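Read the structure below first, then the notes.
Chains as they are written, first to last, in our numbering: chain A, 32 to 780; chain B, 317 to 728; chain C, 20 to 284.
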């Protein structure tokens, strides 16, 4: 057949028609669509057997009970344990994001040794043996030079076996420098020791209170134990309990409260004393408590009546007289009133005067150790290890004064003063800290005046981090000995975040360790063994798990079964015998006397405004931080899920917004979304403006929890770390950081 | 060089010049194709669309080209069904423009969907309640009709016509073209309507939502009517542009004026209906949902009441008045002004029914959201224009598109 | 004794969200993301392109300091049943490929990711912005795909997704019930991830038609309202608020109407 044009065309038409009618194109079409439904780059999670494992969330001090859903050996979802004394089924968004920290690429996969500059992020993978040997060699060196006291440890907690082992190690080694990171607990602990006597932490029976007077506490913004507080808030709604929120900014807590009382920042103590004035003057206080169980009510009465009349207080606080009178009457008139403080989430100690004044209010209405009141809770003392047998080096080291000055003649009431510790490291010619261990803490991010903190780190020749995820502090370490993540390890977690019960929770290895990590407890024991002698002898356990089981004894089974153990015999002592002060009574002026008002109590000893940095002329605005549950601001930063929930009026791309009242903005000729440069005496930052009617004119507020330099692109480089713009303000008598804000100015960018 | 392909008795520019023109259009086309490939390979993140603007520039372009391509069905309807014989002198061009518009619409839809490889699910898993299903079916069917209408014209190419089979095929197809034209008109009536229905049935979107007749909201009929009115205007406009470029008279004025007159009356009746619809919407439909007319046109940086005035008055009433008056039609400047305004008017109508509808907040605690298309969206939207220019140029050069060309431009 | 329902197997699952209790903490959003394998990008601050099946809105009363008030409002999919409960929700009726459907036995609006071809008509139809498009391929950082839930398939690029009222939990609960020889679920056997996680207990989930379920009475509260009721979408998510301005924010009102309303209030 000749292939002419006609044949060719017919052939073409035939081929097209034939192919179309054949199943081929249809089959192809179908196959291609099936392919799009199963793109190989879209993961398909494997199915398997479903199990649940109970544990405790350790991402914040809240101590929520969690139950982890597993598919075979994968953890796929974190949920709350129903009936748990803290969270009863609820979980917060950080807890819910926990698996992103467990499985995420921010995990440190093996021991790392720094090879580049500090903070540069250049590491060399080393073996555990090498890592531990290096630590042991360094520690041995320092010890043989009689410098054991130059070793320090910063930790997020001082309760439980791991902090216990670390502390024990320092004792056996010969250093008194175990430091807990600062928080409102510092202030409460000091206030309670001076007003109640003895060592205890504050427990708040929020669930049973029917009138809550909150001096700036972000009750539902992450104060103490976030989920428990939100639950309490719902109970208050059901029970029609009243909540009064006192703070200059309409926080979520203020928004949920029944009454929001805006107040000039930093004057809360004055308001508390003003309320005390009214309560005393109108004789609304609990006479039973005040007369029988308080030591110095009359002295307190005299000074309060003299110096804190509603007119004066109104002037100081900006809260009008009518409100003061009404608040005082409502508070005293409630059957279970509760006054609390600790600004925002309570991540800074804050003013101890404020704690004392607020606590005095509770005492006036007699709701100490009562349902709906404040309880002085002593920590569970289940850790009963034999006394450490110190050798000569250890004894002499332990006799040294702490680097931070806590417990010294100058600050006899303080337990830990990390803010002073930074100053001490920076101010001596040679750093008084030669080796530093950090666990469960991220001071390079969370401490105020970040650049000074980093400077202090630079002066310490040997920094070891136990972090399981990369963070700012780990980035500034010389050696990272990565711990198992909390979902990979056993650890007892005594719950202390404002709980009124004595509860120990157990963190459990929900999944097997994903990487070449080691339990901090085991690391300590192994280092002790390497150092030998009396140090080794102080650690008679083969490994951490043995130690833990032995320590917990008969509680172990309950802990494994339920995830927590609650002391069945726990009760709060009645007023009779509850106080261990010198007078064996409640002391209204306990804190005041410690301040030096022993002989001549003056109003200034009860309330002196904290002077924040910067003069009004060059810094006409006041910058305050605000805490949000959606922005983790502790040692752990927001995982991807959590940062996703942050509103676009808080963070947009890399820019953080500061909140400003439209009235203030008008004076600066600034509008919503404008860029501005915010200057404080400590630093400056480029920010965006969010106009917010809920903030007092003259103030600007910035969220905490942003401005991370690590660990990953989901978080790093977004916004500004508030701590870069603020520095500590030290209480002259207690050494605590009492800062609540800093003066600032703004220029339109 | 290509003179053997050029129809007898007409003059065309040199192949070099022609190639240059095609090359320019081709470059734009390639740019569009590049953007299209980006969208297909990397996904729709290449666009500036977002969860508030699921429908954006492309859907507008789709609606607009379909409306403008409406010249094909309506001219066909007038020529073959009503029997306006003069229109045979422009019907070819109307069909080509229609073909370009509809093929472009299908292409844009293929880029616009997130999963183009399974877009045939619209047929396989069809949901008869969806206006989009109706659109897809009618659009595809009508596109087949357009191909059928285009084929005989292609076969009239001098070389193809030499093949007896093609010659006969072409002849026979012409014979039955009335049936196809009628089918096309019927299909078009529905899909032009469904296009309007797309917005009209969205009862969650007070800006677009309209009451209506049975399952069809008023926009269903308004869209058909406006396409019938403005489609021919676009045909006139493109013809006029072609005449300007070729520097030749291609269609006699009486043909243009006839089409313009019909368009004018369609436009006039449409705009009356549109005004009634808008009035009813503003005073009854919207208030029942809690909105006043000005809620739709305030509190944002762009969409003011001006756009409504522009659409209805400037680009509706004015061109309608020009086109229905003899003086207006006979003055070529006025005629072209009216035609251009009508084309702009229908485009604005399609724009607001897609983009303003998306921009407007419905929840009381949300705000207006404005959007600017990405370059990829712009390029893929211009792509059909370049493609259209090329198809038109090729058709004009090699096919006897304008029956009156020889007569109007005798070669010495 | 339980009342005999007309259609024994017909349920109308819905939610009542107490806005007085909601603290805006965001736990519901993350619980949902973790349960439903919702993808996340390196930058999620563009909220027009950020998948959050349940999204917490922040409402303000618009008054200046110190009379400002805030209310948070979590917005899952409303699972609208449309006019006359026919299941013609704004989105279901427009989907050209039947990729989203109204299940008359549960009242849940489903989304079939593998059938959706991404035309986004449903998104244009939904006045609540409850529907989200996968503009990007979902990418989990190395290792994190281990935390994916096998009960919910991760979505591919180019399809629409939305809240399903954790339908997979309903299926699992029903499976369990069937193996135990039951045809009915107890109220607590099927709860959504957000309901379960909410620290405030602000979300109550159940069968709106079942008098034994808590939502049945809650939805009748004088403080109850739904979003955009005037559009006749007939949502199955109710909100409770004791605040007048919040209830009013649920819908659009003409000025004249609000004046009348104010007088009544």
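We put the beta carbon where it would ideally sit given N, CA and C, even for glycine. Given the structure is predicted, the values throughout are model-derived calculations rather than measurements.
Cβ of residue 769/A within 7 Å of any chain B Cβ: no
Own chain, CB closer than 6 Å to residue 55/C, minus 5 neighbours either side, in chain order: 171
Report the rounded CA-to-CA distance for residue 95/A versus residue 275/C, giving the unit in angstroms. 50 Å
Checking 7 Å against the spacing of the C-beta atoms, do residue 393/B and residue 494/B come in under that value? no
Counting C-beta neighbours from all protein chains within 10 Å, is the total for residue 155/A 16 or more, i.e. buried, or is it exposed? exposed
For residue 724/B, would you say it is in contact with chain A, using Cβ-to-Cβ distances shorter than 7 Å as the test? no
Just verifying my parser: in three-state terms, what is the DSSP assignment at residue 643/A? coil
Any beta-carbon of chain C closer than 7 Å to the one on residue 678/B? yes
Continuous beta strand (DSSP E) stretch holding residue 472/B: start and end: Counting along the chain, residue 472/B falls outside any beta strand (DSSP E), and DSSP gives it neither H nor E.
Collapsed DSSP secondary structure at residue 700/B in the structure displayed: helix
Contact set between the stretch 670-685 of chain A and chain B, restricted to residues whose Cβ is under 7 Å from the partner: none
Examine chain A for any beta-carbon lying closer than 7 Å to the beta-carbon of residue 474/B, and answer yes or no. no
Please confirm if residue 429/B has its CB atom under 7 Å from at least one CB of chain C. yes
Proximal chain C residues relative to residue 727/A, where beta-carbon distance stays under 9 Å: 84 and 85
Please report how far the alpha carbon of residue 302/A lies from the alpha carbon of residue 311/A, in whole angstroms. 14 Å
In chain C, which residues lie with their C-beta within 9 Å of the C-beta of residue 692/A? 83 and 84
For residue 115/A, does the three-state DSSP call read helix, strand or coil? coil
Going by the beta-carbon positions, is the gap between residue 437/A and residue 622/A smaller than 7 Å? no
Local Cβ density within 10 Å of residue 765/A, reported as buried at 16 or more and exposed below that: buried
Along the alpha helix (DSSP H) that carries residue 187/C, what are the first and last residues, could you check? 186-198
Can you tell me whether residue 329/B is buried or exposed, with buried defined as 16 or more other CB within 10 angstroms of its CB? exposed
Give a yes or no on whether the C-beta atoms belonging to residue 187/A and residue 471/A are separated by under 7 Å. yes
Quick one: is residue 218/C near chain A, going by C-beta distance under 7 Å? yes
CB-CB under 7 Å to residue 734/A, same chain, minus the five flanking residues each way: which ones, in chain order? 657, 659, 662, 681 and 687
Output, in chain order, the set of chain B residues within a Cβ distance shorter than 7 Å of residue 142/C. 367 and 370
Contacts that residue 433/B makes with chain E (C-beta to C-beta distance below 9 Å): Here chain E cannot be found, since the structure's protein chains are A, B and C.
Is DSSP giving residue 3/A helix, strand or coil here? Look at the range of chain A in this structure, 32 to 780, and you will see that residue 3/A is not part of it.
Could you tell me the distance, in whole angstroms, from the CA atom of residue 368/B to the CA atom of residue 234/C? 31 Å
Going along chain A in order, which residues have a C-beta closer than 9 Å to the C-beta of residue 109/C? None at all; the shortest Cβ gap to chain A is about 26 Å.
Kindly provide the ranges of any beta strand (DSSP E) runs that are 3 or more residues long and lie completely inside the stretch 533-583 of chain A, ordered along the chain. 534-538
Where the beta strand (DSSP E) through residue 243/A begins and ends: 242-248
Contacts around residue 598/B, its chain only, beta-carbon distance under 7 Å, and the 5 residues preceding and following it disregarded: 609
Starting from residue 671/A, trace the alpha helix (DSSP H) in both directions and tell me its first and last residue. 671-675
Indicate whether the contact test is met: 3 or more Cβ pairs, each with one atom in the stretch 749-761 of chain A and one in the stretch 468-488 of chain A, closer than 8 Å. yes
Proximal residues of chain A, C-beta to C-beta of residue 62/C below 7 Å: 684
Looking only at C-alpha atoms, which of 122/C, 126/C, 124/C and 153/C sits nearest to residue 137/C? 153/C
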